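The sequence shown begins at 50 in my numbering and counts up one residue at a time.
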Amino acid sequence: MKNILGAIALLLLAAATVFFIAPERPDSPEESSDPGNHEEKLHRPSEQFFLQRSYPDPTFDLQAYEAAFQEARMSEAAQKTAISSVSTTPWTLQGPQNLGGRINAVAIDPNDANTMLVGNASGGIFKTTDGGGNWNPIFDDKGYLAIGDITYEPGNSQVIYAGTGDPNISGYPFIGDGIYKSTDGGTTWTHLGLTDTRVISRIVVDPNNVNKIYVGTMGLPMQRNNDRGLYISNDGGQTWSQSLFIADQAGIIDLVMDPSNSNVLYASSWDRIRTNQESTVFGSNAKVWKTTDGGTNWAPLSVGLPNTPLSRVNLAIDAATPSTVYACFVDTTYQVFNIYKTTNSGSSWSPIDISTLSGNALGGFGWYFGNIFVNPFQSNEIYLLGVQLWRTSDNGTTWTQVDPPWFIYDVHADKHDMVFTGPNSFYLATDGGMYGTTDDGLTWSDVENIPNCQFYRVATSPHQPGIYYGGLQDNGTTSGNAATINQWDRVFGGDGFQQLFTATPDEMVTLTQNGGFWYTTDAGYQWFDFTIGIDPDDRRNWDSPIIVSSSNTNTFYAGTYRVYRNTGGLSNHFWTAISPDLTQGIVFGPRYHTLSTIAESPLDPQIIYAGATDGSLHVTPNGGTNWNQISAALPVRYVTAVEASPLATNEALVTISGYKYNDYIPHVYRTTDLGVNWTNVSGDLPQLALNDVLFHPTRDSVWVVASDGGVYVTQNSGQNWRRVGSNMPMVAVYDVEWDQNVTQLVAGTFGRSLMTFPVDSLIEEEVIVGQPEPAFAQLRAYPNPATRYLALSGGPENAEYEVINVQGQTLLRGAHNQKSRIDVTSLSEGVYFVKLTSDTGTAVERFIKQ
50 MKNILGAIAL LLLAAATVFF IAPERPDSPE ESSDPGNHEE KLHRPSEQFF LQRSYPDPTF
110 DLQAYEAAFQ EARMSEAAQK TAISSVSTTP WTLQGPQNLG GRINAVAIDP NDANTMLVGN
170 ASGGIFKTTD GGGNWNPIFD DKGYLAIGDI TYEPGNSQVI YAGTGDPNIS GYPFIGDGIY
230 KSTDGGTTWT HLGLTDTRVI SRIVVDPNNV NKIYVGTMGL PMQRNNDRGL YISNDGGQTW
290 SQSLFIADQA GIIDLVMDPS NSNVLYASSW DRIRTNQEST VFGSNAKVWK TTDGGTNWAP
350 LSVGLPNTPL SRVNLAIDAA TPSTVYACFV DTTYQVFNIY KTTNSGSSWS PIDISTLSGN
410 ALGGFGWYFG NIFVNPFQSN EIYLLGVQLW RTSDNGTTWT QVDPPWFIYD VHADKHDMVF
470 TGPNSFYLAT DGGMYGTTDD GLTWSDVENI PNCQFYRVAT SPHQPGIYYG GLQDNGTTSG
530 NAATINQWDR VFGGDGFQQL FTATPDEMVT LTQNGGFWYT TDAGYQWFDF TIGIDPDDRR
590 NWDSPIIVSS SNTNTFYAGT YRVYRNTGGL SNHFWTAISP DLTQGIVFGP RYHTLSTIAE
650 SPLDPQIIYA GATDGSLHVT PNGGTNWNQI SAALPVRYVT AVEASPLATN EALVTISGYK
710 YNDYIPHVYR TTDLGVNWTN VSGDLPQLAL NDVLFHPTRD SVWVVASDGG VYVTQNSGQN
770 WRRVGSNMPM VAVYDVEWDQ NVTQLVAGTF GRSLMTFPVD SLIEEEVIVG QPEPAFAQLR
830 AYPNPATRYL ALSGGPENAE YEVINVQGQT LLRGAHNQKS RIDVTSLSEG VYFVKLTSDT
890 GTAVERFIKQ
């Protein structure tokens, strides 16, 4: 009830006082008179992720990103030569499972409607065999967990195809590595290729020849190239040929097959490029294509269809009358341009009536969704998936909203897929999980309890031991734990970010997108604006930094492009700027130059650090009177986190994000003199982008980092790092925190909800297999990077060395006895491992060949 009252309060109360804030949705396409500016606003969540990993480069470095993930997986495999609590202890899933994250695809077993698969935007594939009562992950051993489509072989429950990459192209770099096939119902998967297409939108299997597979691909969003379009395999996915290529900036976003003639297919194309400085979302390639000979030849359909630059195009075919096909075109303001219908297999088209369809049906997000479906049991029913679910049963004369208003959360906003199981029964995949109805939409049920939420930030309250808080993409602020895993509370709306707590139990601060700060003094029943004094014209980060002082919980610091301080607590707050512009100024554009992180020393509250999206890092030793720039020796990359030591006054750690091939940007640095000098403490970390860093509260040599591929810990001040836990898939973790009693490490994953790990298992000494105590000196490989040769010292005696690439292939081999010199001139530039093996043990070291 509180949520419903809160939504009503949005409409009735002044901006300064609200009960609940709902996720941000534009009310009309006129919100911005400039479609370009409007489009930029709608892309802010993805832009934030993308900017962190590419600044200052205009394009994202895919080669570096992929090499980093290969390196991380190789490192994890190498860790299996040793046993330690760090790698063998599992993470505990705390939840939530009831709120749900974004689901892109749904597939139902053709022989058993209780068996279903769902593909998540960044959380892999889950399967249920009991109609949604219980779900299990079945794709977690893969490196790419963004799923675009899932398809069963017609009539066969055992053969399944899954396409990786997010076809909605809103998150970066949620790309994939091609198509996978399972022949045992999803238990195991085989990679079938199409790696370079990066985003698979549709998979269609010919029911008359199941070895013939059609795949629509969007290509790599960050680059114009020819690895996109429609591909065909005639041998069950063993080989592929490009059947339809549109343009180097356009791919295939939708594909349907004539159920009466499998040689007839319709495909739709879409212009889509997304880099750090370009977003192409519409163009002249918005078309519908047709083949009548199984893909040998394709022709554009034009009679009655628009011939003007447009955005995404989605298709639906009437199963009962296959000559009837629908095409929904999205316009340049990302609303419905028109829905066209053909009754003669595409020879001619005419628009259906959309005059009673809400002009804001797509909410200005038509690049993000807009699929259409025809009820296969009732041909007259056409569905449009937008912010809400819309239906017409009279060829468009009347459109009605099928689901409850999105802000009630009985059915989440933003619809992506739909599957029918009967005339009045269907499932709906949304940004907030999957929902089902058996009475034509009169009532709905949440049919999944999948932990696929995307956390930006996590927190714990000193007043509620064992309760975890977090801010979610498109799901607001929430709280709960494993005991209430299917009953996490919705605390606040919007896109959720940081939560802060004071010494008073009922007080809390929470954030929404673009620096929306809110506070409550009555445990969340009323919320108030917490930005008084902050200049509304200041440029702000999508995930604006805010902290509470550890020395005085009435003192807060927040960042725009400068640092603000509030010493008046919550109810009497007023923010005052205590710094000048701490960025490089506006060089590339306002959104590139904002503060991204703030930290206060727990030992001296006068010491405050501030890091920026453009690589700038400053510190004040005197509470803001003077600020010193301390980033001259650091890479000019996005500063994701800075952490002041709880044990040494002048010590701090900083993490730098970004991917750059052949540069191999070191991304963890340590200072012991307030930033006068920095030491690279990346050690043997894989070259993954890092998102957060923590000092252990009592062990000065133990640090933790959150990366794009999970969580890593060092027990020796950065010399060596180990991936934490035995059961976290290769998923991005944006935020890590210690719980209040320092018994658990809390991790907010971006696709697999919130997890915790026991602190005791982080700091136990590792034991080498067969060797309770290592009997050999630590292996050293130098120079690193290497150019002509690599020298080895230490490691087991009388050992054999192997030089291994990130794909696991042994390239060089030889004998080693404490000292070796390996000629590496034959190796290409990149990341490698040198492994020593003997009867007394095994040692592995990473090196870079330049």
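Just so it is clear, CB atoms sit at the ideal spot from N, CA and C, and this is done for glycine as well. Computed from a predicted model, the values in this text were never measured in an experiment.
Residue i versus residue j: straight-line alpha-carbon distance, rounded
i: H310; j: T200; result: A small correction: the amino acid at residue 310 is Asn; His does not occupy that position in the sequence shown. Cα to Cα, the separation comes out at about 19 angstroms.
i: P78; j: Q384; result: A caution first: P78 carries a pLDDT of 26, below 50, which makes its placement in the model unreliable, though a value can still be read off. Each residue's Cα considered, the two are about 8 angstroms apart.
i: W289; j: I388; result: 33 angstroms
i: P821; j: R801; result: With a pLDDT of 34 at P821, under the threshold of 50, the modelled position of this residue cannot be trusted; read the value that follows with caution. C-alpha separation (whole angstroms): 35 angstroms.
i: E26; j: N185; result: Summary: the structure shown does not reach residue 26, with the chain confined to residues 50 through 899, and so no result is reported for it.
i: T938; j: V208; result: Absent from the structure is residue 938, since the part of the chain shown begins at 50 and ends at 899.
i: V597; j: E786; result: 14 angstroms
i: D488; j: G471; result: 10 angstroms
i: P715; j: F223; result: 23 angstroms
i: F825; j: E846; result: In this prediction, F825 scores a pLDDT of 44, lower than 50, which makes its location untrustworthy; no coordinate-derived value is stated.
i: T570; j: F623; result: 16 angstroms
i: P678; j: N501; result: Note that residue 678 is Gln in the sequence shown here, rather than Pro. Computed Cα separation, rounded: 40 angstroms.
i: T382; j: A572; result: 40 angstroms
i: M267; j: A335; result: 13 angstroms
i: T891; j: T689; result: 35 angstroms
i: D15; j: L521; result: One cannot answer for residue 15 here, as it falls past the ends of the chain, which runs 50 to 899.
i: F175; j: L148; result: 16 angstroms
Beta-carbon proximity check, residue i vs residue j, cutoff 8 angstroms
i: Y263; j: D226; result: no
i: V685; j: P105; result: yes
i: Y710; j: D110; result: yes
i: P695; j: P651; result: yes
i: P355; j: W338; result: no
i: I301; j: G286; result: no
i: A607; j: F566; result: yes
i: C377; j: L433; result: yes
i: G519; j: L739; result: no
i: Y417; j: N217; result: yes
i: V379; j: G412; result: no
i: L743; j: E692; result: yes
i: L828; j: E894; result: yes
Identified DSSP bridge partners for residue i
i: N729; result: Y718
i: T329; result: I322
i: C502; result: Note: C502 sits in no beta bridge, so no partner.
i: F550; result: M557
i: M467; result: L477
i: T213; result: I196
i: N615; result: F605
i: A682; result: Answer by DSSP bridge pairing: none, since A682 is not bridged.
i: N866; result: K868
i: G413; result: G413 pairs with nothing; no bridge assigned.
i: D538; result: S528
i: S290; result: I281
i: T805; result: T141 and V795
i: W787; result: L794
i: G842; result: Reading the sequence as shown, one finds Ser at residue 842 and not Gly. Answer by DSSP bridge pairing, in chain order: R829 and K868.
Closest Cα partner of residue i within the set the options
i: Q768; options: P735, S756, T747 and N334; result: P735
i: V612; options: G564, Q575 and S600; result: G564
i: A117; options: T836, G758 and I403; result: G758
i: N498; options: G150, S887 and E878; result: G150
i: W398; options: S351, L702 and T643; result: S351
i: I853; options: L839, V880 and I581; result: V880
i: P425; options: P400, T373 and S404; result: T373
i: A410; options: S442, W455, D443 and S396; result: W455
i: N776; options: V893, L142 and F99; result: L142
i: G707; options: S328, L683 and T509; result: L683
i: W676; options: S318, D663 and I656; result: I656
i: P639; options: S599, W591, H667 and P670; result: W591
i: T889; options: F882, E849 and T609; result: E849
Looking at C-beta atoms only, is the number of pairs between the region 244–252 and the region 179–199 that lie closer than 8 angstroms three or more?
Yes: the two stretches touch, three or more of their Cβ pairs being nearer than 8 angstroms.
Spell out a yes or no on whether the region 605–619 and the region 292–310 are touching, meaning 3 or more CB-CB pairs, one atom from each, closer than 8 angstroms.
The region 605–619 is not in contact with the region 292–310.
Counting beta carbon pairs with one atom in the region 131–145 and one in the region 740–754, are three or more of them shorter than 8 angstroms?
The answer is no - the region 131–145 does not touch the region 740–754, with fewer than three Cβ pairs under 8 angstroms.
Check whether the region 554–564 and the region 623–632 touch, using three or more Cβ-Cβ pairs below 8 angstroms as the test.
The region 554–564, when compared against the region 623–632, does not touch it at the 8 angstroms Cβ threshold.
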